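Participant: Handing you a structure now.
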Amino acid sequence: MKLPSMQRNNVVCLATVSGAAGLAGSIITILLAISMVWALICLALKRFPRRFQRSDLYVVGPAWLFAAVILLAAVVHYDPATAGNLVSRGVALLPFIFFPLVLPRLRVGSSAALIDAFIFGAGLCGILVLPLAYLQLEFFYARASGGMGNALPFALVSSMMASVSLLNTLSPLPRRQVLGWAGFVAGILCVMLSQSRGVLPIPAIAVVMLLVLFPHKLRRFYNWKGGLLLIIGVAVVLAMAVKHSDRLIGLLSYFTEGSIADQSYTVRLALWKYAGSLFLESPWLGYGLQNRREFISALGYSFTHFHNGFITVTFDAGLAGLAATLLLLISPLLCVLRNPTTVARRKRLFMALLVLFGYTIAGSTNILFFQDIYDSVFLWFVLIVAAPLSMAGPAVCELRERVDENDGTR
Numbered sequence: 000m001k002l003p004s005m006q007r008n009n010v011v012c013l014a015t016v017s018g019a020a021g022l023a024g025s026i027i028t029i030l031l032a033i034s035m036v037w038a039l040i041c042l043a044l045k046r047f048p049r050r051f052q053r054s055d056l057y058v059v060g061p062a063w064l065f066a067a068v069i070l071l072a073a074v075v076h077y078d079p080a081t082a083g084n085l086v087s088r089g090v091a092l093l094p095f096i097f098f099p100l101v102l103p104r105l106r107v108g109s110s111a112a113l114i115d116a117f118i119f120g121a122g123l124c125g126i127l128v129l130p131l132a133y134l135q136l137e138f139f140y141a142r143a144s145g146g147m148g149n150a151l152p153f154a155l156v157s158s159m160m161a162s163v164s165l166l167n168t169l170s171p172l173p174r175r176q177v178l179g180w181a182g183f184v185a186g187i188l189c190v191m192l193s194q195s196r197g198v199l200p201i202p203a204i205a206v207v208m209l210l211v212l213f214p215h216k217l218r219r220f221y222n223w224k225g226g227l228l229l230i231i232g233v234a235v236v237l238a239m240a241v242k243h244s245d246r247l248i249g250l251l252s253y254f255t256e257g258s259i260a261d262q263s264y265t266v267r268l269a270l271w272k273y274a275g276s277l278f279l280e281s282p283w284l285g286y287g288l289q290n291r292r293e294f295i296s297a298l299g300y301s302f303t304h305f306h307n308g309f310i311t312v313t314f315d316a317g318l319a320g321l322a323a324t325l326l327l328l329i330s331p332l333l334c335v336l337r338n339p340t341t342v343a344r345r346k347r348l349f350m351a352l353l354v355l356f357g358y359t360i361a362g363s364t365n366i367l368f369f370q371d372i373y374d375s376v377f378l379w380f381v382l383i384v385a386a387p388l389s390m391a392g393p394a395v396c397e398l399r400e401r402v403d404e405n406d407g408t409r
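Heads up, the sequence shown is in numbering that gives the first Met the number 0, so the first residue is 0 and it goes up one at a time.
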């Protein structure tokens, strides 16, 4: 395959990942698996150069450390009765080990074009899946789940892609700006239809990050068109919020009146209290991820995790696992800060911060990793952030000439 064809396929792949993430379920996982396997084959056949760089260590190292710590704790707490769980859970770590293989493939052409394709697709994500989510909630289910069959991953994907959609508003093209705001509002509506309260702060934080990283953006609201667009967006979101606000009202009632109408809060607190008592008995390497479900079953629940990603990983691998997880979450930010290239730097910084805040917020009340969609979304963001090369060369020089315009700072 020629390099121009690879570049075209890369652009299509990344636009598909972000655009179809909410509508097509595990397509992001499938595309990541295919990309890793195909990249391994192409590297072995020398179809493209092995382009790695020093800043890659800031994402590769934490990912490998995370996998190593989780596996070490699992081996230390090996139990023949749960050996089957260990195999299935261990397979889930493979993407964290092999995702760096995709980086050289992404570097065969313009990194700026790849980032732009991902941002464009994110603008379409919420728009494409919103009709399906609305029909699901109105006629079939208590909570919308898009094309995923599970409301929680659907809410995470919708909130993350809605946030990335905001970067479309930096484009000088009016149609891209409209797409950015439309995709943002549609993504928020999808989150509300999923009835998943825990990720609602993510889009709000994204707006703040957009105005901080791109302060010129704030000036665009100082006219009647910007103000009208803002009012319409807020009105649509509030209208949907009023209609589907049962779980939000339950959240406020629980913390203001101590009401237990929504049992999910009391169940979470019971799980966290139980996990705290277990932590005191084995603080350093936990109990092994393969034994998690058996311990939760002893409390009388059938859950696979503790409904808090940080507590769950602390059970799996103790303080060592928690430290590795925190390092993994900040690794995209470290990569951006340590990569000297200026290609779409502020946009990549936006996405790196989005990963950190988004996964911290989502993981505080739900799972963090070891769910294929959660893992794949995280790794695709890492690949996007790390893709630009820092070494000198004609292609990089050309991108550097365009970066200020791409970031909207010229």
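Backbone N, C-alpha and C fix where the C-beta goes; we use that ideal spot for every residue, glycine too.
Just so it is clear, the structure is predicted and the values come from calculations on it, not from any experiment.
1) Have a look at Val381, Leu378 and Lys346 and flag the residue whose alpha-carbon is nearest the alpha-carbon of Leu165.
2) Tell me where the alpha helix (DSSP H) around Asn84 begins and ends.
3) Using a Cβ-Cβ cutoff of less than 7 Å, which residues in the same chain neighbour Leu332 once the five nearest sequence positions on both sides are dropped?
4) DSSP state of Gln135, grouped into three classes?
5) If contact is defined by three or more beta carbon pairs under 8 Å, each pair taking one atom from either stretch, is the stretch 108 to 128 in contact with the stretch 181 to 195?
6) Have a look at Ala111 and Val342 and give me their C-alpha separation to the nearest angstrom.
7) Gln370 to Ala91, Cα distance in whole Å?
8) Give the secondary structure of Cys41 by DSSP, where H, G and I count as helix, E and B as strand, and everything else as coil.
9) Just tell me which of Phe314, Pro173 and Val207 has its CA closest to the CA of Ser162.
10) Within its chain, find whatever has a CB closer than 7 Å to the CB of Ser170; leave out the 5 residues flanking it on each side and keep chain order.
11) Per DSSP, what kind of secondary structure is Met147 in: helix, strand or coil?
12) Assuming Ser375 is part of the alpha helix (DSSP H), what are its boundary residues?
13) Rounded to a whole number of angstroms, what is the C-alpha to C-alpha distance between Thr313 and Ser375?
14) For Asn307, name the three-state secondary structure that DSSP assigns.
15) To the nearest whole angstrom, what separates the beta carbons of Leu155 and Ala361, a pair I think is in contact under 8 Å?
16) Considering just the uninterrupted stretch of the alpha helix (DSSP H) at Ala62, what are its terminal residues?
17) Are the stretch 309 to 327 and the stretch 278 to 289 touching, with three or more C-beta to C-beta distances below 8 Å?
18) So what does DSSP say about Trp283, is it helix, strand or coil?
19) For Phe117, which residues of its own chain have a beta-carbon under 6 Å away from its beta-carbon, when the five flanking residues on both sides are left out?
20) Since I believe Arg50 is in contact with Leu388 (beta carbons under 8 Å), could you give me their beta-carbon distance rounded to a whole number of angstroms?
21) Sort Phe305, Leu279 and Phe294 by Cα distance to Trp271 and report the nearest one.
22) Could you tell me if Pro79 is buried or exposed, where buried requires 16 or more neighbouring beta carbons within 10 angstroms of its beta carbon?
Facilitator: Considering the structure as presented:
1) Lys346
2) Ala82 to Val90
3) Excluding the 5 residues flanking it on each side, Leu332 has same chain C-beta neighbours closer than 7 Å at Ala351, Leu352 and Leu355, in chain order.
4) helix
5) Segments in contact, yes.
6) A direct Cα-Cα distance of roughly 7 Å separates Ala111 from Val342.
7) 8 Å
8) helix
9) Val207
10) So the qualifying residues of the chain are Gln176.
11) coil
12) Asp371 to Ala385
13) 21 Å
14) In this structure, Asn307 counts as coil in the three-state DSSP scheme.
15) 5 Å
16) Counting along the chain, the alpha helix (DSSP H) containing Ala62 begins and ends at Leu56 to Val75.
17) yes
18) coil
19) Leu13, Ser17 and Ile383
20) The pair is a contact, with the Cβ atoms about 6 Å apart (cut-off 8 Å).
21) Cα-wise, what sits closest to Trp271 is Phe305.
22) Answer is exposed; the Cβ neighbour count stays below 16.
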